[in-house]
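Below is one structure; the comments refer to it alone.
Numbering (the UniProt record's numbering), first residue to last: 1 to 215.
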């Protein structure tokens, strides 16, 4: 969890560092992990990882905060990963109508496939959208507002799609099960019925019908 200050009641900035890994100098590290829409191309391609992968993720987070949309999210996991490796995204006017070119430039320089050309931590902090060098840039920066309303709409839509997929899967499994039941009657049920008939016959043999006193 990343907090703004080390105080009893701080503001939470970022969470979900459960898969975080400390990079050691001179030690090659490869892994495939993380939420698909946020991972860098080098993770998808199983290449050596460094801090550059985090800078890519910052670009994705910035894109989402400013637009409410996700740059690489597809209808399936495979489509999402394909979009990432192809760096296939755009600044849709529907979502970026209130976003400055300076903010878009910051995102573009982070979402670069070649890790050598991607902004470093120091370069990102010096970018004029983060650290304006004059009054004009400071005013331009204010044009880029965090679009939380659209983010909420997109989140609800994604949750609905997930729920729909789960319900569809359950229905599919139910239909498959029903087909099996109709095609192959349950042998155990037939056995139970047979056992019941045998039990009745046994009870009749053990307890013969009483004769009336007049017979």
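For glycine and all other residues, C-beta sits at the position ideal for the given N, C-alpha and C.
Nothing here was measured: the structure is a model prediction, and the numbers come from that model.
- With a minimum length of 3 residues, there is no unbroken run of beta strand (DSSP E) contained wholly in the segment 112-145.
- By the Cβ criterion, the segment 50-65 is in contact with the segment 108-122, since at least three pairs of Cβ atoms, one from each stretch, lie closer than 8 Å.
- Straight-line measurement puts the Cα of residue 15 at about 16 Å from the Cα of residue 36.
- Within a 10 Å sphere around the beta-carbon of residue 91 sit 16 or more other beta-carbons, which makes this residue buried.
- The alpha-carbon separation between residue 114 and residue 87 amounts to approximately 11 Å.
- Distance from the Cα of residue 67 is smallest, within the candidate group 29, 95, 33, for 95.
- Contact annotation: residue 28 and residue 48 have beta-carbon atoms nearer than 7 Å.
- Using a Cβ distance threshold of 7 Å, residue 44 and residue 80 do not count as a contacting pair.
- When DSSP reads this structure, residue 12 sits in a beta bridge with 3.
- Judged by DSSP secondary structure, residue 31 falls outside any alpha helix (DSSP H); it is assigned neither H nor E.
- Contact annotation: residue 128 and residue 137 have beta-carbon atoms nearer than 7 Å.
- Boundaries of the alpha helix (DSSP H) around residue 59: 51-67.
- The distance from the Cβ of residue 89 to that of residue 72 is about 6 Å, consistent with a contact at the 8 Å cut-off.
- The alpha-carbon of residue 22 is positioned some 17 Å away from that of residue 120.
- In the DSSP annotation of this structure, residue 91 is not part of any alpha helix (DSSP H), being labelled neither H nor E.
- Of 50, 132, 142, 55, the smallest CA-CA separation from residue 98 is found for 142.
- Contact between residue 19 and residue 33 holds: CB atoms are separated by about 5 Å, below the 8 Å threshold.
- Assignment of residue 83 by DSSP, reduced to helix, strand and coil, places it in the helix class.
- Note on geometry: alpha-carbon atoms of residue 82 and residue 124 lie some 26 Å from one another.
- Here the alpha carbon of residue 2 sits roughly 27 Å from the alpha carbon of residue 116.
- Excluding sequence positions up to five before and after residue 106, its CB lies within less than 6 Å of the CB of 127, 129, all in the same chain and listed in chain order.
- The continuous stretches of alpha helix (DSSP H) do not include residue 25, and DSSP gives it neither H nor E.
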